[in-house]
Amino acid sequence: MLSRVALKPVRSAIQPLRMTQTSATSNAAAAATSESSERDLVNFPRPVRQEFPAKVRMGFIPDDWFQFFYSKTGVTGPYTFGLGLATYLCSKEIYIMEHEFYTGLSIAIMGIYAVKKLGPATAKFLDAEVAKSDAALNSGRDVSIDQAKSKIVSEKAEQERALAQKMLFDAKRENVALQLEAAYREQLIKVFTETKKRLDYQVEVQNVQRNLEQRHVVDWVLRNVRAAVTPEQEKATLSQCIANIKSLAQQNTARI
Amino acid sequence: MAWGEYPAGYNPNVHGPYDPARFYGKADTALANVKLGELTAWLGRRNLSLGGIAGGFSRGFWRWQHKYMQPKKVGIAPFVQVTVGAMIFFYALNYGKMKHHRNVKYHW
């Protein structure tokens with residue numbers, strides 16, 4: 001959303017008139033502002049606040065005046081003109097040196113001394129104060145810029161994370177495929193075990209049936225054999241057994 | 001051009017933000033480049049109405065402001081300039097009284 005706002009063209013109608021700006025910001029500001037098509041930036045560039053004041057000589061006389069003289073009179077021209085004018089004014093007493101003149105002279109000497117002595121330190125202090133106040137004024141904007149930058153960074157990180165989500169989706173898909181495979185195999189095993197159970201049941205049923213039949217046949221044969229054995233046969237068998245035991249006993253006593 | 005309005009020649013679409021130090025009319029030769037013979041013609045082209053003169057002073061004031069007073073690392077020069085200007089102005093005001101303090105009677 002922020003990027004969309006940034007892409008919107010800034011309307012020049014709502015741009016404040018900026019008379020006081022440093023040269024560092026002016027070019028960027030001029031480039032960022034969309035101007036009207038008939039705007040003449042060559043002859044009417046945006047006003048820029050100067051970093052340093054124009055050059056002066058002797059504390060207050062504009063250097064431009066000396067430049068004006070140079071092309072016409074050479075280097076000494078302005079000094080000749082100034083001294084000549086001062087001489088004329090004093091000589092004709094247009095400028096009258098009454099008592100206030102000497103007051104002014106002494107004040108001027110004290111002023112020049114004070115400026116030479118305290119000027120650099122004052123300039124340093126005031127420059128520091130100006131820098132401080134500039135920093136204070138810019139801090140809000142700088143904080144906003146930093147915040148926007150950090151937001152862009154976090155937005156990029158979020159986009160990276162969104163890309164990572166794709167990988168995560170793949171992994172999840174794989175996971176689901178594995179789960180499906182596992183479920184399929186589980187069901188195969190279930191089918192196998194169930195079938196085996198049923199077959200085992202059949203085997204067990206047949207086994208039981210055969211056992212029962214066998215037992216029944218054995219019982220039947222035994223019963224029939226028992227029924228077939230008569231008391232005479234039993235007696236003859238018994239007597240035969242006794243005779244066998246006796247003969248065995250005789251053989252064993254001879255050995256003892 | 002009524003009171004409190006921009007100069008007639010000023011067009012925001014062409015000139016951008018208004019600069020009170022600028023003349024937005026048709027540019028003429030600068031006074032420093034005018035030859036002595038053309039001086040009267042040059043003066044004849046000046047706008048000597050009350051508004052024109054006031055505008056000229058206003059532009060001069062703002063040009064001085066932008067040049068000496070408003071820069072970021074301003075020195076003591078503008079203050080000295082104001083002081084010297086005031087000295088000359090008040091000397092001229094008091095000249096009638098100063099005259100009596102002349103030290104010599106004849107000047108040649």
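Residue numbers (UniProt numbering), protein chains in the order written: chain A, 1 to 256; chain B, 1 to 108. C-beta atoms are modelled at their ideal positions from N, C-alpha and C, and glycine is treated no differently.
Check: Chain-ordered chain B contacts of A:K156 [CB-CB under 9 Å]; Outcome: Those within 9 Å of A:K156 in chain B number zero; the least Cβ separation is about 37 Å.
Check: A:I94 (DSSP reduced to helix, strand or coil); Outcome: coil
Check: Straight-line Cα distance separating A:F60 from B:R102; Outcome: 28 Å
Check: Per-residue contacts from B:P68 into chain A (C-beta, under 7 Å); Outcome: The identity of residue 68 of chain B in the sequence shown is Tyr, whereas the question assumes Pro. The contacting residues are P53, A54.
Check: Rounded distance between the beta-carbons of A:D63 and A:K55, thought under 8 Å; Outcome: 4 Å
Check: Run of the alpha helix (DSSP H) containing B:T40, from where it starts to where it stops; Outcome: 39-44
Check: DSSP-derived helix/strand/coil call for B:V74; Outcome: coil
Check: Start-to-end residues for the alpha helix (DSSP H) that takes in A:M167; Outcome: 99-228
Check: B:P17 in three-state terms, based on DSSP; Outcome: coil
Check: C-beta neighbour in chain A for B:R59, strict 7 Å; Outcome: no
Check: CB contact below 7 Å: A:V42 versus chain B; Outcome: no
Check: Three-way DSSP call (helix, strand, coil) for A:R46 in this model; Outcome: coil
Check: Host alpha helix (DSSP H) of A:D63 (start-end); Outcome: 63-73
Check: Interface residues of chain A facing B:N47 [CB-CB closer than 7 Å]; Outcome: The premise fails here: B:N47 is roughly 21 Å from chain A at the closest Cβ pair, so nothing lies under 7 Å.
Check: Per-residue DSSP class, three states only, for A:R39; Outcome: coil
Check: Cβ separation of B:P71 and A:F125, assumed to be a contact under 8 Å, to the nearest whole Å; Outcome: Actually they are not in contact, since the Cβ atoms of B:P71 and A:F125 sit about 17 Å apart, beyond 8 Å.
Check: Min CB distance B:G75 to chain A below 7 Å; Outcome: yes
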